[in-house]
Ligand SMILES: Cc1cc2nc3c(=O)[nH]c(=O)nc-3n(C[C@H](O)[C@H](O)[C@H](O)COP(=O)(O)OP(=O)(O)OC[C@H]3O[C@@H](n4cnc5c(N)ncnc54)[C@H](O)[C@@H]3O)c2cc1C
Ligand SMILES: Nc1ncnc2c1ncn2[C@@H]1O[C@H](COP(=O)(O)O)[C@@H](O)[C@H]1O
């Protein structure tokens, strides 16, 4: 058995989604190799080589791989596929974009968004926005899967000394090409990795109000900022803040939902948080059914009081 | 960064056909219930609708037709006989004709992609516009698989789509923000929620849709083996969160978070 994990990184460091995906690889069993793609990623490859239990790190260096274009990632992974029984990626937008392409070209049905590994061929995954959990066994010879990082515990980052090998990287694709990135800049922790998340909903009413209310509270707590789809749709927050079935899945130690009703599509993205706090003026809002601590109050009163209480 | 506005002449290089695959799923407002025998979720007497992402794909196709970029919109659905109703909904929104590939089997994204590939080969569309994710199985895979099987470029999670000549410029919603890609047509584009707001079909258009053709087919007509690769062992309820408490004030909340929960 051998498992290939495609690393998630920002070109200077690995994201912990990689360590969590390696945890899933360990549950599958066998030798584990990590593939790092992109230009100038030697430091990232060295970091991956230090992870205990990694047999070898494969490095595909090419600018064609810098923008997560699915065609380029697939062209890198496919020639390696014959050496592996399972190929895994964290279920990031990059993984979700490229992996079904890889699976189809291998004539394999992808297992999407794995939350638990039962054995090398059997996996649990959420369906219907997490309202049901499906256990599936694949009959395909190879496993191609995306892993939901929030449900796996990151493996240690230090202690190993794997070898680093270069593998072929594709030339730039002619049919789909990168034009521009518009990265949301923030000094705050990344939403997926943050210990605390403060999210705002439609109740904010405007982008100015969202920034005035949610962001200072997040900064006070050292938290990342999230939002409901209604808030994103209305333009109160950027799209990459969206938490939910069709946005990001988060599982921080503390999730604070301010002015969010708790639609099933939103709950799908945050109900595995350790502690959930809801601030909502409607005592019947569904969010209270899953909140550990509910505060039935207008956020206009509650948030300033909360800020003050945190000062004490 | 504003792309140069294409001229009318460029638009008219090749008024193309668009294929829109639409899936019949449980309505997004319905809270599903797992069957006691854990064989699946209960679909008896449940409201079914078009997958919300596929409504957005249909709407985008209709807008492209209204702009003169698209000449014909063909919708295709794979599923039980009632998948016809989903096609009718798309026809009422402005699509031109439908193909229903009838089967009562469970059809996975890989098999759907193979069937769609066969439809693409027969219909020769310049663009396939589809949902990024079906909200029942939440796979988020079919569009990418179809693009792979066709050897076409893909642009997934689109929140903006511009077509000029034979190039689609697509703004994609990604984890870090937005990414813009350009893809040479023919291509597969999967759509995200913010691409547009789908219209409600008007009564006259609903009446008109009744006369639009829907061609019935079966997977066998396309010679595609749809046998699932994943065996469903069981479908279970997720663990329930135990209900919490209400606090009376922000002070009490902070005290609980510090001492009881220990998270701040
Ligand atoms: C296909 C599909 C996918 C979706 N995916 C997602 C997803 O990934 N993530 C997501 O979040 N949603 C998603 N949705 C949307 C989801 O169904 C809900 O519409 C959305 O989550 C509602 O956002 P909200 O709670 O901010 O708004 P609302 O439901 O309008 O709730 C606002 C809440 O604020 C409270 N409130 C108002 N004023 C105040 C005040 N002054 N003080 C305190 N409380 C106040 C109200 O009582 C109410 O409970 C999806 C929908 C579809 C169809
Ligand atoms: N049975 C089906 N019939 C038609 N289109 C489908 C079907 N299954 C999936 N699709 C299309 O593929 C998209 C993604 O679905 P999925 O990969 O299952 O999440 C959907 O939004 C549809 O556009």
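Protein chains in written order, with the numbering used here: chain A, 567 to 878; chain B, 71 to 334. C-beta atoms are modelled at their ideal positions from N, C-alpha and C, and glycine is treated no differently.
Beta-carbon neighbours of residue i, restricted to chain B and to distances below 8 Å
i: residue 643(A); result: Result: empty, since nearest Cβ-Cβ is about 12 Å, beyond 8 Å.
i: residue 637(A); result: 223, 224
Under 8 Å by beta carbon: chain A residues contacting residue i
i: residue 246(B); result: 747, 749, 750, 806
i: residue 179(B); result: 666, 675, 676
Test item: CB-CB of residue i and residue j under 7 Å
i: residue 640(A); j: residue 667(A); result: yes
i: residue 611(A); j: residue 730(A); result: yes
i: residue 233(B); j: residue 121(B); result: no
i: residue 190(B); j: residue 284(B); result: no
i: residue 674(A); j: residue 713(A); result: no
i: residue 220(B); j: residue 130(B); result: no
i: residue 762(A); j: residue 820(A); result: yes
i: residue 792(A); j: residue 807(A); result: yes
i: residue 127(B); j: residue 261(B); result: yes
i: residue 224(B); j: residue 636(A); result: yes
i: residue 583(A); j: residue 692(A); result: no
i: residue 586(A); j: residue 720(A); result: yes
i: residue 228(B); j: residue 265(B); result: yes
i: residue 166(B); j: residue 143(B); result: yes
i: residue 704(A); j: residue 251(B); result: no
i: residue 621(A); j: residue 651(A); result: no
i: residue 794(A); j: residue 767(A); result: yes
i: residue 825(A); j: residue 769(A); result: yes
i: residue 817(A); j: residue 765(A); result: no
Residue i classed as buried or exposed, judged by whether at least 16 other C-beta atoms fall within 10 angstroms
i: residue 213(B); result: buried
i: residue 73(B); result: Caution applies to residue 73(B), whose pLDDT of 48 falls short of 50 and renders its modelled position unreliable; the value that the coordinates give is listed next. Exposed is the call here.
i: residue 71(B); result: Model confidence at residue 71(B) stands at a pLDDT of 41, short of 50, so the residue's coordinates are unreliable and nothing is read from them.
i: residue 79(B); result: Reliability fails at residue 79(B), whose pLDDT of 47 lies under 50, so the model's placement of it is uncertain and no value is given.
i: residue 270(B); result: exposed
i: residue 218(B); result: buried
i: residue 757(A); result: buried
i: residue 273(B); result: exposed
i: residue 749(A); result: exposed
i: residue 617(A); result: buried
i: residue 290(B); result: exposed
i: residue 872(A); result: buried
i: residue 267(B); result: exposed
i: residue 831(A); result: buried
i: residue 727(A); result: exposed
i: residue 732(A); result: exposed
i: residue 850(A); result: exposed
Neighbouring residues, chain A, relative to residue i (Cβ below 7 Å)
i: residue 234(B); result: The contacting residues do not exist; residue 234(B) stays about 13 Å from chain A at best.
i: residue 326(B); result: 859
i: residue 314(B); result: 857, 858, 859, 860
i: residue 101(B); result: 697, 830
i: residue 121(B); result: By Cβ distance, chain A contributes nothing, its closest Cβ being about 11 Å from residue 121(B), past 7 Å.
i: residue 173(B); result: None at all; the shortest Cβ gap to chain A is about 16 Å.
Per DSSP, the bridge partner or partners of residue i
i: residue 20(B); result: Lying before the first or after the last residue shown, residue 20(B) is absent from chain B, which here runs from 71 to 334.
i: residue 118(B); result: 96(B)
i: residue 155(B); result: BP columns for residue 155(B) are empty, so no partner.
i: residue 698(A); result: 693(A)
i: residue 859(A); result: 843(A), 315(B)
i: residue 821(A); result: 763(A), 842(A)
i: residue 201(B); result: 261(B)
i: residue 716(A); result: DSSP output for residue 716(A) lists no bridge partner at all.
i: residue 730(A); result: 623(A)
i: residue 54(B); result: A query on residue 54(B) cannot be resolved here, the shown segment of chain B reaching from 71 to 334 and no further.
Cross-chain neighbours of residue i in chain B, by beta carbon under 7 Å
i: residue 837(A); result: 311
i: residue 663(A); result: 214, 226
Partner residues on chain B for residue i, Cβ-Cβ distance less than 9 Å
i: residue 825(A); result: Going along chain B, no residue has its Cβ under 9 Å from residue 825(A), so there is no contact; the nearest lies around 15 Å.
i: residue 840(A); result: 331, 333
i: residue 692(A); result: 208, 308
i: residue 714(A); result: Correct list: empty, because the minimum Cβ distance to chain B is about 11 Å.
i: residue 848(A); result: The contacting residues do not exist; residue 848(A) stays about 13 Å from chain B at best.
Residue i: CB within 6 Å of a non-hydrogen atom of ligand 4
i: residue 149(B); result: Only ligand 1 and ligand 2 can be found as ligands here, which leaves ligand 4 out of the picture.
Listed by chain order, chain A residues near residue i by CB distance under 9 Å
i: residue 307(B); result: 697, 698, 699
i: residue 205(B); result: 694, 695, 811, 812, 831
i: residue 183(B); result: 666, 670
i: residue 347(B); result: Because residue 347(B) is not part of the residues shown, which for chain B are 71 to 334, the question remains open.
Contacts that residue i makes with chain D (C-beta to C-beta distance below 9 Å)
i: residue 820(A); result: Structure shown: chain D not included; protein chains present are A and B.
- request: Check whether the segment 107–120 of chain B touches the segment 130–145 of chain B, taking contact to mean three or more Cβ pairs, one atom from each stretch, closer than 8 Å.
  value: no
- prompt: Should the segment 312–320 of chain B be called in touch with the segment 849–861 of chain A, which here means at least 3 C-beta pairs below 8 Å?
  reply: yes
field: Touch test, the segment 688–705 of chain A against the segment 226–245 of chain B, Cβ-Cβ under 8 Å, three pairs minimum
entry: no
- prompt: At a cut of 8 Å, does the segment 700–716 of chain A reach the segment 568–588 of chain A through at least three beta carbon pairs?
  reply: yes
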